[in-house]
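Q:
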Amino acid sequence: MRTTALITGASSGLGLEFARLFAADGYDLVLVARNEERLQSLATELKTAHRISTEVIAIDLSLPDAAVHLVQELQRKNIRIHTLVNNAGLGAFGLFHETPYDQEKNLLQVNITALTDLTKMLLPGMVQRQSGAILNVASTAAFQPGPLMAVYFASKAYVMHLSVALSRELQGTGVTVTCLCPGPTKTGFEKNAHMEDSKLFHRKTMDAATVARIGYRALRHKRPLVVAGNINVFGAFMTRFIPRTWAARVAMHVQAPR
275 MRTTALITGA
285 SSGLGLEFAR
295 LFAADGYDLV
305 LVARNEERLQ
315 SLATELKTAH
325 RISTEVIAID
335 LSLPDAAVHL
345 VQELQRKNIR
355 IHTLVNNAGL
365 GAFGLFHETP
375 YDQEKNLLQV
385 NITALTDLTK
395 MLLPGMVQRQ
405 SGAILNVAST
415 AAFQPGPLMA
425 VYFASKAYVM
435 HLSVALSREL
445 QGTGVTVTCL
455 CPGPTKTGFE
465 KNAHMEDSKL
475 FHRKTMDAAT
485 VARIGYRALR
495 HKRPLVVAGN
505 INVFGAFMTR
515 FIPRTWAARV
525 AMHVQAPR
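First residue of the sequence shown? That's 275 in the numbering used here, and the numbers climb one at a time after it.
1) To which residues does DSSP link N410 through a beta bridge?
2) Report the option in T450, Q445 and D481 whose CA atom is closest to the CA atom of K459.
3) For a quick check, are the C-beta atoms of G457 and A492 less than 8 Å apart?
4) Please return the same chain residues whose Cβ sits closer than 7 Å to the Cβ of A298, not counting the five positions on each side in sequence.
5) Mind checking which residues open and close the alpha helix (DSSP H) that includes A297?
6) Hey, would you say the C-beta of T357 is under 7 Å away from at least one heavy atom of the ligand SAH?
7) Please confirm whether T414 and N504 have their CB atoms less than 8 Å apart.
8) Using the DSSP secondary-structure output, state which residues sit across from A252 in a beta bridge.
9) Would you mind reading off the limits of the beta strand (DSSP E) that contains A279?
10) Can you give me the C-alpha to C-alpha distance between R276 and F370, rounded to a whole angstrom?
11) Drop a sphere of 10 angstroms on the beta-carbon of Y375, count the other beta-carbons inside from all chains shown, and report buried for 16 or more, exposed for fewer.
12) Going by C-alpha distance, which of Y301, T390 and T484 is nearest S429?
13) Pick helix, strand or coil for K478, following the three-state DSSP scheme.
14) Is it true that the CB of G399 sits closer than 8 Å to the CB of V384?
15) For G368 versus A525, is the C-beta spacing smaller than 8 Å?
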């Protein structure tokens, strides 16, 4: 039986690049995002290039119980997931007391609730089969507090800590969990998070294909945690040695509008 990978946020950015990597290795794919047109275009591209099977499920993971409906659709179609890639994520930029709360509720739903729901519902089957893998996309934001993106940074800390904890719990089961922590990456995230004027994205950023390859290799090598890029590795390491209040001050300076 061929193995199947489910990738959320697959219509663009890292998700699209992950889909290309898995397809090139012969995985069948379940592509999940809101934009059905983009998903169908990607599905056609990958089926033609790699002769794999693709399933498109257009769903908005910011809606309550979206992950439940997604898993129900997998069950209805008798699709067994070997590898889960929790890539979908939202950002929110600005002072916490000024940003629209609906935006941050959607962020929490996608970054934390949907990711946890999908992991909770698909992981038991992997453990039962003694085979499977999960790749959760966090961020270098996970290593420090982040003024102007307070909820986003906190959500990624949750993803990182959950992933590393599950990786330890699952040792010996045949299932692995990997957490990928990219820094600023050219994915369109800054536009969706309204960060076009932030100094953070006017510095050198990594491209999505490179970051995806780093995460994919880490998954294949069963690494619990990987930070993408040497500069980001250094930055994440250095946060261990400075007070959190200092880290917050630096983060606010870096992210502030130009």
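Ideal placement from N, C-alpha and C gives every residue a C-beta, glycine not left out.
Please read all numbers here as calculations on a predicted model, not as lab measurements.
A: A quick look at the data gives this:
1) Looking at the DSSP output, N410 shares a beta bridge with N360 and C453.
2) The residue asked about is misnamed: residue 459 is Thr in this sequence, not Lys. Ranked by how close their Cα comes to the Cα of T459, the residues T450, Q445 and D481 have D481 in first place.
3) Note that the C-beta distance between G457 and A492 is not below 8 Å.
4) Result list for A298: H324, in chain order.
5) Membership of A297 in the alpha helix (DSSP H) is indicated by the continuous run G287 to A298.
6) Only the bare structure without any ligand can be found here, which leaves the ligand SAH out of the picture.
7) Against a cut-off of 8 Å, the Cβ pair of N504 and T414 comes out as no contact.
8) Absent from the model: residue 252. The displayed extent of the chain is 275 to 532, so no value can be given.
9) For A279, the enclosing beta strand (DSSP E) covers residues T278 to T282.
10) Looking at the two C-alpha atoms, the distance is approximately 46 Å.
11) So Y375 ends up on the exposed side.
12) Ranked by how close their Cα comes to the Cα of S429, the residues Y301, T390 and T484 have T390 in first place.
13) K478 carries a coil assignment under DSSP once its states are collapsed to helix, strand and coil.
14) No, they are not a contact pair.
15) Annotated as distal: G368 and A525, with beta-carbon spacing of 8 Å or more.
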